[in-house]
Structure formats: structure tokens, C-alpha cells
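> Have a look at this one before I ask anything.
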Amino acid sequence: MPQNNKNFSLKNVKDNNYTVGKTISETAEQYVCGRYDGNPCSYETYREISENSDERYEYIDGEIYLLASPKPAHQHVQKNIFSAFIKWFDQKECQPYTAPFDITLSRSGKDINVVQPDIVIICNLKENLDEHGNYTGIPSLVVEILSPNSIEKDLIKKLDLYMSTGIKEYWIVNPMNHQITIYQFDLKNIIQTYTFGNNDIAASFEYKGLKVSLENLFL
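In this note's numbering, the protein residues as written are 1195 to 1413.
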């Protein structure tokens, strides 16, 4: 956590009475952000916290979320999907990458959001690396694996963020009910969506032929 008397604490973030995750609040009087007055945290505050901590954070619409370590069921699903993606994208221009991998997104060019999706497909990595080696582009496909504490964030906040910032396809994987819901976006709208369950084979809208079998996908 940050040093030099910068005393940060955690509080629950609520959305429709569900706990979305943990957000950073500041207990020192001299800080403006996090005094429970509804004011958003600045991007600079997020950078200061994340750069001085070994923890992983996301910054969405002015809120800073501490990311919990994934459970074995989450890791199992992520490994299986990532392995299928690695195989399908072999020798292709686009390639899959797995968390932790910062993705910076903006709806208007002024607001900044930083997320760490579980899996991303990136087609323009080399062209979008800044002088520090950080990726500054937009993935074509994003995968998020739900956990009990991330349901509202992934289903509402991230769905809107990804739809609004140029991502073409969003996979929401639910280990709790053994389903995958795929959204395809265009011009900041959902143009089609489908939920796969049981022993279905989830098929990408954007990448024809990219498929993941749900049989044995989950623990």
C-alpha cells in the first residue's frame, strides 16, 4: 500500500443492494477522494495506489476496485478457455493474453478506465505499445469469468464499458451455473447475444470457427 502517511482503507461498493467489490477509501483528512461523499477517485489516485502496491486494482468510472485472488474453479475455467484460444489462434495475427494485463479504455477520450480482464484477444499489440511497453490499444474480444463478488461489476459496469469503447465481443463465463454468454457489439450497441449451457459448444460471433466446448469446462 502507499507509504508516507497515506492511510487507505477498503469499503464495499454497492449496486442495487449487491456487493460489487471493494473500493479504496482514504481515511486521512487531507485527502479529497473517498470521504463517502460520492465524489469519484481521480486517475492519479489510482495510479499512485497501484504503483505502490503488490495488489491488483481496476479503475472504473471513478471507483478503484481491489481484485481478489481467483479461486481454483475460476483458474480451472480460465486455463481451459485460454488453452482453447491458444490452439485456435496459433500462427494467426491476433493472439490471446491472460491476466494480469492492464487494458486502458475511454468512452469520450477524456475519461480513463483501467481493467484487467481474465482473457483478451489482441490483434495490434506491437503497434500499440507506448514508450514504457504498456499496451494502449483496444482488444477485439474480452473474457470475464464471474465470481460471487464480481457479478454486478462484470454484468453491468463492464458490459457497458466494453460496449462503449470499441470492443467487438464480450464473453461472460459463469462457473456457478455453467454457462457462457457472448455479446457482439457494433457502433456501441449490442447486435446479438447468445447464452450457451449444459454441454453446448460456445461459438464466437466475431471469429468464425473459434469454439469452446462446455463439456468438462467447469469443475
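Even glycine gets a Cβ: it sits at the ideal position worked out from N, Cα and C.
Measuring CB atoms only, is the segment 1320-1338 touching the segment 1356-1371, in the sense that at least three cross pairs come out at less than 8 angstroms?
yes
> Are the segment 1394-1407 and the segment 1248-1260 in contact at 8 angstroms, needing three or more beta carbon pairs?
No, the segment 1394-1407 is not in contact with the segment 1248-1260.
> Check whether the segment 1283-1297 and the segment 1315-1333 are in contact - that is, three or more C-beta pairs closer than 8 angstroms.
Contact between the segment 1283-1297 and the segment 1315-1333 is present, with at least three C-beta pairs closer than 8 angstroms.
> Tell whether a beta-carbon distance below 8 angstroms holds between Ile1306 and Tyr1237.
yes
> Taking the straight line between their C-alpha atoms, what separation do you get for Lys1347 and Glu1325?
Answer to the nearest angstrom: the Cα atoms are 31 angstroms apart.
> If you count every other CB in all the chains shown that lies within 10 Å of the CB of Pro1294, and 16 or more means buried, which is it?
exposed
> Just curious, the alpha helix (DSSP H) that Ala1278 is in, first and last residue?
Where Ala1278 is concerned, the enclosing alpha helix (DSSP H) stretches over 1266-1282.
> Could you have a look at Asp1348 and say whether DSSP puts it in helix, strand or coil?
helix
> I'd like to check one pair, Pro1333 with Ile1297: are the Cβ atoms closer than 8 angstroms?
yes
> Do you know how far the Cα of Cys1235 is from the Cα of Ser1300?
16 angstroms
> Using the beta-carbon count (16 or more within 10 Å), is Lys1320 buried or exposed?
exposed
> Can you list, in chain order, the residues of its chain whose CB lies under 6 angstroms from that of Ala1267, leaving out five sequence neighbours each side?
Pro1369, Leu1413
> Below 8 angstroms on the Cβ atoms is my guess for Ile1254 versus Leu1355; work out the distance and round it to an integer in Å.
6 angstroms
> Based on DSSP bridge pairs, tell me the residues matched to Asn1383.
Partner(s): Asp1380.
> Relative to the C-alpha of Ile1385, which candidate in Leu1349, Leu1411, Ile1361 has its C-alpha closest?
Ile1361
> Go ahead and label Ile1395 buried or exposed: buried means 16 or more other beta carbons lie within 10 angstroms of its beta carbon, across all protein chains shown.
exposed
> With distances taken Cα to Cα, identify the nearest neighbour of Phe1279 among Ser1344, Asp1248, Val1406.
Val1406
> Within the continuous beta strand (DSSP E) that includes Ile1332, where are the two ends?
No beta strand (DSSP E) holds Ile1332; DSSP gives it neither H nor E.
> Should Glu1242 and Val1309 be called a contact, given that it needs their Cβ atoms to be closer than 8 angstroms?
no
> Please go through the same chain and pick out, in chain order, the residues whose beta-carbon is closer than 6 angstroms to the beta-carbon of Tyr1240, but skip the five residues on each side of it.
Counting only Cβ-Cβ distances below 6 angstroms, and skipping sequence neighbours, we find Tyr1253, Ile1258.
> Buried or exposed: Lys1351, going by 16 or more other Cβ atoms within 10 Å of its Cβ?
buried
> So Glu1242 is in the alpha helix (DSSP H); what residue range does that whole segment cover?
Counting along the chain, Glu1242 sits inside the alpha helix (DSSP H) bounded by residues 1237-1245.
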